[in-house]
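Single-structure report; data block below.
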Amino acid sequence: MNLKFTGQPGVDPANANLIRIVGTLSGSIRGATPLGAPSARIDGLVAYINNSGSNPAEFSADVLQSARAMLIFDSAWTGHGAINTRTDTYKLGVRGASQNQGSTLALTGDLGSYTNNTLPNGFAAPVTMNAKGKVEGQAVLGTNAQISVRLITN
Amino acid sequence: MKQMITGILALLALAGGTVASRAAIATFTPYSFDAIWTNSTATVWDVNGSARTTGGTFPNFSPSGMSVQTDGSGKITGAGMMRLDYNTMGSPSTLFPSRLRS
Chain A
1 MNLKFTGQPG
11 VDPANANLIR
21 IVGTLSGSIR
31 GATPLGAPSA
41 RIDGLVAYIN
51 NSGSNPAEFS
61 ADVLQSARAM
71 LIFDSAWTGH
81 GAINTRTDTY
91 KLGVRGASQN
101 QGSTLALTGD
111 LGSYTNNTLP
121 NGFAAPVTMN
131 AKGKVEGQAV
141 LGTNAQISVR
151 LITN
Chain B
1001 MKQMITGILA
1011 LLALAGGTVA
1021 SRAAIATFTP
1031 YSFDAIWTNS
1041 TATVWDVNGS
1051 ARTTGGTFPN
1061 FSPSGMSVQT
1071 DGSGKITGAG
1081 MMRLDYNTMG
1091 SPSTLFPSRL
1101 RS
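From first to last, the protein sequence lines are chains A and B. Counting from 1, one number per residue, gives the positions in the first sequence under this note's numbering. Counting from 1001, one number per residue, gives the positions in the second sequence under this note's numbering.
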């Protein structure tokens, strides 16, 4: 069996409330089947991918940050960045590793203060983040991310 | 006088040592970070399954035990079985070992 599926986002033929990857299936089946022998041709059958869907782009990683530099230490991302202490802004370039290999993001934004029981005087980390790059082969232009930051204490 | 010069040198050495230490040591704060972009230009499509035809049409293709992943570059790969039904009875049917790639 050698089949090719060509599709794009569209209404799920099995559930009009869902958007899936929808398209057509074409190709050939070799061997004796009820469709024919020694081979049969399949052309333009409407098909869809049940396990497909769109999600907001997300970036999660562990970061080491000094007064002037940021360093990603994470199994799924690599990268480093620079902090502008005059404007309290940062630029951080990241590349995907392991399962994220091929993804790249240029991240920019403002730094702000977070408080924590361990560091009651606070620590600086991004409070805004915009992103430009590619994730899973798709262009991403993200603005005003929803951000959560947690100090690593162990 | 000699003692004073020695003292000044000692102070310089101490000061130099302090400066060198400050240059060599930077304090890093470790934190974990999560950012989600919900604007429309930051939507990413995932494919974690194989194509199937719509129910009730024949021949009917449906994945069976298929494992599919999309990697960071957008390449889709997977393997499993594809079931082919020819009629509503489900018999005969054919189970094809399948390898999937984009």
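C-beta: ideal position from N, C-alpha, C; glycine also. Being a predicted model, the structure only gives us computed values, none of them experimental.
For A/Leu71, collect the residues of the same chain with a Cβ closer than 6 Å to its Cβ; drop the 5 residues on either side in sequence, then sort them by chain order.
-> The residues are Leu64, His80.
How many angstroms separate the CA atom of A/Ile29 from the CA atom of A/Pro56?
-> Between A/Ile29 and A/Pro56, the C-alpha separation is close to 38 Å.
Using a Cβ-Cβ cut-off of 6 Å (strictly less than) and excluding sequence neighbours within five positions of B/Leu1095, which residues of its own chain qualify?
-> Correct list, in chain order: Met1081, Arg1083.
Extent of the continuous beta strand (DSSP E) run through A/Asn130 = Taken as a continuous stretch (DSSP letters only), the beta strand (DSSP E) holding A/Asn130 covers 130-135.
Interface flag, A/Val22 vs chain B, CB-CB below 7 Å = A/Val22 does not count as touching chain B.
Kindly list the residues whose CB is nearer than 8 Å to the CB of A/Thr85, restricted to its own chain and excluding five residues on each side of it in sequence; keep chain order.
-> Leaving aside the five residues that flank A/Thr85 on each side, the residues in its chain whose CB is nearer than 8 Å to its CB run, in chain order, Ala67, Arg68.
7 Å CB neighbourhood of A/Ser24 in its chain, flanking five on each side removed | The question names Ser, but residue 24 of chain A is Thr in the sequence shown. Result list for A/Thr24: Thr6, Gly44, Leu45, Val46, Ala47, in chain order.
In this structure, does DSSP put A/Ser148 in helix, strand or coil?
-> Three-state DSSP puts A/Ser148 in a strand.
Looking at the C-beta of A/Val94, does it have a partner C-beta in chain B at a distance below 7 Å?
-> With 7 Å as the cut-off, A/Val94 does not count as an interface residue toward chain B.
Put B/Ala1051 into one of helix, strand or coil per three-state DSSP.
-> Here B/Ala1051 sits in strand by DSSP.
Closer than 7 Å to chain A by CB, B/Ser1091 | No - not a single Cβ of chain A is within 7 Å of the one on B/Ser1091.
Below 7 Å between beta carbons: does that hold for B/Phe1033 and A/Val149?
-> Taking 7 Å as the Cβ cut-off, B/Phe1033 and A/Val149 qualify as a contacting pair.
Should A/Ile72 be flagged as near chain B, meaning a C-beta pair shorter than 7 Å?
-> Taking Cβ atoms only, chain B never reaches closer than 7 Å to A/Ile72, which makes this a no.
Give me the Cα-Cα distance between A/Asp88 and A/Asn50, rounded to the nearest whole angstrom.
-> Each residue's Cα considered, the two are about 45 Å apart.
Is there contact here, the region 99-111 of chain A with the region 1071-1079 of chain B, by at least three beta-carbon pairs under 8 Å?
-> Two segments are said to touch when three or more pairs of C-beta atoms, one from each, lie closer than 8 Å; by this definition the region 99-111 of chain A touches the region 1071-1079 of chain B.
Is there at least one Cβ from chain B nearer than 7 Å to A/Asp62's Cβ?
-> With 7 Å as the cut-off, A/Asp62 counts as an interface residue toward chain B.
Quick one: what does DSSP say A/Asn100 is sitting in, helix, strand or coil?
-> Reduced to three states, the DSSP call for A/Asn100 is helix.
So, helix, strand or coil for B/Ser1067, using DSSP?
-> Residue state, collapsed to three classes: strand.
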